[in-house]
Amino acid sequence: MEDRRMREAKIRKFEDYVDRGLKPALVEAIAQRDKVFQQQKMFSDLKKNIENLEKNEITSLKSMVNLGSEVYMQAQVPDTRHIFVDVGFGFHVEFTWSEALNFISVKEAWLEKQIEEHTKKIATIKAQIKIICEGIRELLQIPAE
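4 is the number of the first residue of the sequence shown in this note's numbering; add one for each residue after it.
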């Protein structure tokens, strides 16, 4: 009888650890990786746009700019050869097209490393959850599938 209570207490501890520790950590790790994926897509789109500007030799353009709350205004860019790129921490740097493409290449490599790190973290958390679930299964003496 005492052995059964100890087993149930262990099972509760394991379940609490999974539910209150590992699952929220997994959700957070996935959210962080998704943010990096969004940044990666943004830089990829910027790279394509710069390459299109270079290929078509566009030196000025008109565009609709979102001012906020879905209010748009027409904007004219007289010289597209210099662009401002968000380099992080709220800083924007003025680049020429070639400088921007070089920066984007470096940034994309760094983002790829970040994605790999987050993916490894996610895999580690999932493995921990699986191991603990296997331990719970053994404590409950349920045969393996």
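Backbone N, C-alpha and C define an ideal beta-carbon position, used for all residues, glycine too.
Locate the alpha helix (DSSP H) running through residue i, then write down its first and last residues.
i	result
I86	It is not in any alpha helix (DSSP H) - I86 instead sits in the beta strand (DSSP E) that spans H85 to G91.
T127	W100 to L142
E11	E5 to Y20
Based on the DSSP output, what are the partners of residue i in its beta bridges?
i	result
V68	M76
E1	Nothing about residue 1 can be reported from this structure: the residues present for the chain run from 4 to 148 only.
Taking Cβ to Cβ, would you say residue i is nearer than 8 Å to residue j?
i	j	result
L104	I53	yes
A32	I135	no
T83	L49	no
I107	F40	no
L29	I118	no
P81	S63	yes
Looking only at its chain, what residues have a beta carbon closer than 8 Å to the beta carbon of residue i, apart from the 5 residues adjacent to it on each side?
i	result
Q77	K65, S66, M67 and V68
L70	M76
Q131	L25
Got a sec? Which residues, its chain only, sit under 6 Å from residue i by beta carbon, not counting five neighbours each side?
i	result
Q79	K65
Q35	H121
Beta-carbon of residue i versus every beta-carbon of chain C: anything under 8 Å?
i	result
H85	No chain C appears in this structure, which consists of one protein chain only.
| task | Could you tell me which uninterrupted beta strand (DSSP E) segments, each at least 3 residues in length, are contained entirely in the segment 30-70, listed from first to last along the chain? | result | Runs of the beta strand (DSSP E) inside the segment 30-70: none found.
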